[in-house]
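Below: the structure, in structure tokens.
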Amino acid sequence: MNNLALLLVLSLSSPEEDGAGLSFVSPEDYAIRRFSEVTQEFLESWPEETEEILIRKRALLRIAEERLEEERARESGGVLSRRNRIRSAEAQVDFYRKAVHGLEDRIRRRRRR
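Note that the sequence shown covers residues 827 to 939 in the numbering used here.
Listed below in structure tokens is the structure:
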């Protein structure tokens, strides 16, 4: 009965449905879904390397810089809202710059040891 309870899940695709809006999932489909969930949980719990974090922060910095350029070029909205959007974009760029510089310093210090 326990296996049947595990195989009874809400329908995410269009397999055979019973009258209650629930569907039976084949054991193979369940195994694939469960494997995907387990690997995702493992990857999320895995500690990231400093270099990986640095790469991600550099990408976010570049996105924030592009957003700032777009906000400066855009001329829609009132003066106050435009100024607030630009300040917000500048703050985001500053945040990511500081994060990138901190990570680069940490990597340099670790390599010197």
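By construction, the Cβ of each residue, glycine as well, lies at the ideal position given by its N, Cα and C atoms.
**Item:** Neighbour-count burial assignment, A943, 16 or more Cβ in a 10 Å radius
**Value:** Not covered by the structure: residue 943. The range shown for the chain is 827 to 939.
**Item:** Whole-angstrom distance between H927 and E895, CA atom to CA atom
**Value:** Taken atom to atom, the span from the alpha-carbon of E895 to that of H927 is near 21 Å.
**Item:** Limits of the unbroken alpha helix (DSSP H) element including R900
**Value:** Per DSSP, R900 lies in no alpha helix (DSSP H) and is assigned neither H nor E.
**Message:** Mapping the DSSP letters down to three states, classify V926 as helix, strand or coil.
**Reply:** In the three-state DSSP reduction, V926 falls in the helix class (H, G or I).
**Request:** Pair every Cβ in the stretch 912-929 with every Cβ in the stretch 871-880, then say whether three or more of these pairs are closer than 8 Å.
**Result:** Yes, they touch.
**Asked** Hey, I912 and R898 are a contact pair by Cβ (cut 8 Å); roughly how many whole angstroms apart?
**Response** Cβ-Cβ separation between I912 and R898: approximately 6 Å, consistent with a contact (criterion under 8 Å).
**Message:** Would A915 and R893 be called neighbours here (beta carbons separated by less than 8 Å)?
**Reply:** Contact flag set, yes.
**Item:** Per-residue DSSP class, three states only, for E875
**Value:** In the structure shown, E875 falls within a coil segment according to DSSP collapsed to helix, strand and coil.
**Prompt:** In chain order, what residues of the same chain have a beta carbon less than 8 Å from the beta carbon of E901, not counting five sequence neighbours either side?
**Reply:** Excluding positions up to five away in sequence, the list reads R908.
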